[in-house]
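**Q**
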Amino acid sequence: MSTQATPSAAATPSAGVRLDSLTGLRFPAALAVFAFHASTHSLDGTVHDVAMAIAGRGYIGVAFFFMLSGFVLTWSRREGDDVRGFYRRRFARIAPVYWVCLAGATLLLLLASGNPIKAIVAALPSVVALQAWIPVPAVYFGGNGPGWSISAEAFFYLCFPLLVLALPHRRGRIGLGVLAAVLMLGPALVLHPTGSDQTDPAFWAIYVLPATRISDFIVGMLVAHAVKNGWRPPVGLGGALLLSLGAYALTGVTPPWSTVSIVTVVPFALLLAAAATSDLSGRRTVITSPVAMRLGEWSYAFYLVQASVLKVQHEFAQRLGGGPALEWSLVLVAFAVCLALSGALYTIVERPMERRWRHAPRRLTEAT
């Protein structure tokens with residue numbers, strides 16, 4: 001997946017309106033990814049079938065995070081923002097927790113691996129967030145598996161100061177839209193892998209490769225620019241949520257290559273626009289409640305720790321045996337542990353280190 005400065009809000013530079021709904025939507029997206037990873041670890045045949053039917057496409061939460069990132073960075077950008085300051089703020093936002101979770105995940109791999117040298121070598125590109133560019137599953141999922149999406153985000157951030165120059169111009173926006181469509185549709189239609197085999201280069205090219213996944217980020221940028229300039233979606237927040245849930249259900253019966261972004265791109269775009277519009281109108285909803293906001297703040301750390309916690313949970317499940325009841329209980333325990341760890345990481349690492357490394361007054365927004 002954020003993957004995510006204050007992650008608790010987004011605001012218009014002019015009006016200072018907080019877009020809390022964007023924060024509130026982050027945790028459900030991270031939870032979808034957690035559910036997907038939990039379902040892939042199911043041991044019992046019946047449990048696995050049920051879990052995959054419900055959560056088997058939870059990886060689309062990453063596409064939502066990529067779109068959200070493009071939206072928020074565009075929304076919060078101010079005239080005169082310097083590139084160096086932008087890169088410093090992005091680094092301060094994502095690096096501390098990313099590195100802590102990478103270190104923890106790598107340690108778990110070393111304890112479980114029969115070849116620690118191989119595990120360390122595979123994790124090395126992750127240290128500098130380059131793993132997603134290497135078409136080897138042991139590398140792009142090396143170290144901390146979910147970190148591949150941060151590798152992609154780093155590329156998006158690198159490109160953002162250039163991409164944003166096109167937004168004020170109609171031809172520039174058309175060009176960005178065409179680029180996003182080509183990158184999203186082209187590889188999927190040409191390669192169209194029929195499964196999710198991670199050893200298939202087509203899987204990497206469609207799902208992992210940053211140069212492909214930047215299409216989601218660009219869509220988020222275009223939607224943010226449109227809303228900032230007065231466009232309003234044809235559906236409200238409730239309708240957009242229903243459309244997004246419907247798209248999620250549709251991914252269960254469509255080919256895997258179409259589920260990465262193609263099926264969900266329009267519903268997710270409408271959801272982002274509707275959420276921003278709802279906040280601009282001053283409405284308060286369930287996703288702007290204090291609990292939703294707090295979970296949204298924790299979502300980046302939650303996303304980065306969940307794979308490691310689920311690996312430990314799966315190991316316990318294998319050793320203990322037992323039936324579906326025990327397995328589901330262990331998943332709930334893993335969820336609780338992820339919540340506790342994400343809250344601790346946000347409080348002890350993420351928030352204080354971001355403040356220290358930014359070397360600038362905190363801004364109202366910036367989420368990955």
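Under UniProt numbering, the letters of the sequence shown match residues 1 to 368, in that order. The beta carbon of each residue, even a glycine, is placed where N, CA and C say it ideally should be.
#1: Write down every uninterrupted run of the alpha helix (DSSP H) in the region 224–279 whose length is 4 residues or greater and which is fully enclosed by it, in chain order.
#2: What's the gap between the Cα of TYR346 and the Cα of ALA30?
#3: In whole angstroms, what is the alpha-carbon distance linking PHE302 and CYS338?
#4: Note the first and the last residue of the continuous alpha helix (DSSP H) segment covering PRO125.
#5: Which whole runs of the alpha helix (DSSP H) in the region 125–204 are 4 residues long or more, in chain order?
#6: From LEU68 to VAL235, what distance separates their C-alpha atoms?
#7: Taking the alpha-carbon of PHE155 as reference, which of LEU185, GLY177, TYR87 has the nearest alpha-carbon?
#8: Residue range of the alpha helix (DSSP H) that ILE60 falls in?
#9: So, PRO210 versus SER151, is the Cβ gap smaller than 8 Å?
#10: Within the same chain, show all residues whose beta-carbon is closer than 6 Å to that of VAL128, passing over the 5 residues directly before and after it, in chain order.
#11: Spatial neighbours of GLY343 within its chain, please: C-beta separation below 6 Å, excluding the five flanking residues on both sides.
#12: According to the neighbour-count rule (16 or more other Cβ atoms, all chains shown, within 10 Å of its Cβ), is ILE262 buried or exposed?
#13: Output yes or no for whether 8 Å exceeds the beta carbon distance between ALA216 and ALA63.
#14: Cα separation between ALA10 and ALA32?
#15: Tell me whether the region 220–230 and the region 265–283 touch, counting them as touching only if at least three CB pairs, one residue from each stretch, are closer than 8 Å.
**A** From the atom records:
#1: 237–250, 256–259
#2: Position 346 of the sequence shown, counted from the first residue, corresponds to residue 346. Position 30 of the sequence shown, counted from the first residue, corresponds to residue 30. Approximately 15 Å, taken between the alpha carbons.
#3: Residue numbering aside, residue 302 sits at position 302 when the sequence shown is read from its first letter. Residue numbering aside, residue 338 sits at position 338 when the sequence shown is read from its first letter. Their backbone Cα atoms lie some 6 Å apart in a straight line.
#4: Within the sequence shown, numbered from 1, the residue matching residue 125 stands at position 125. Start and end: 116–127.
#5: 137–140, 148–163, 170–191
#6: Here residue 68 is taken as the residue at index 68 of the sequence shown, counted from 1. Here residue 235 is taken as the residue at index 235 of the sequence shown, counted from 1. LEU68 and VAL235: Cα-Cα distance of roughly 18 Å.
#7: Looking up residue 155 in the sequence shown gives position 155. Among LEU185, GLY177, TYR87, the Cα nearest to that of PHE155 belongs to TYR87.
#8: Locating residue 60 in the sequence shown gives position 60, where the first residue counts as 1. Unbroken alpha helix (DSSP H) run through ILE60: 60–76.
#9: Residue numbering aside, residue 210 sits at position 210 when the sequence shown is read from its first letter. Residue numbering aside, residue 151 sits at position 151 when the sequence shown is read from its first letter. In contact: PRO210 and SER151 (Cβ atoms closer than 8 Å).
#10: Residue mapping note: residue 128 aligns to position 128 of the sequence shown, counting from 1. The answer is none, since no qualifying residue turns up.
#11: The residue labelled residue 343 in the question sits at position 343 within the sequence shown. Here the set comprises TRP298.
#12: Taking the first residue of the sequence shown as 1, we reach residue 262 at position 262. The residue in question, ILE262, is buried, as its Cβ has 16 or more Cβ neighbours within 10 Å.
#13: Counting from one through the sequence shown, the residue named residue 216 turns up at place 216. Counting from one through the sequence shown, the residue named residue 63 turns up at place 63. Reading off the sequence shown, one finds Asp at residue 216, where the question assumed Ala. Yes, these two residues count as a Cβ contact at 8 Å.
#14: Mapped onto the sequence shown, residue 10 falls at position 10. Mapped onto the sequence shown, residue 32 falls at position 32. Confidence at ALA10 is low in this model, with a pLDDT of 41, below 50, so the placement of that residue is unreliable and no value is reported for it.
#15: yes
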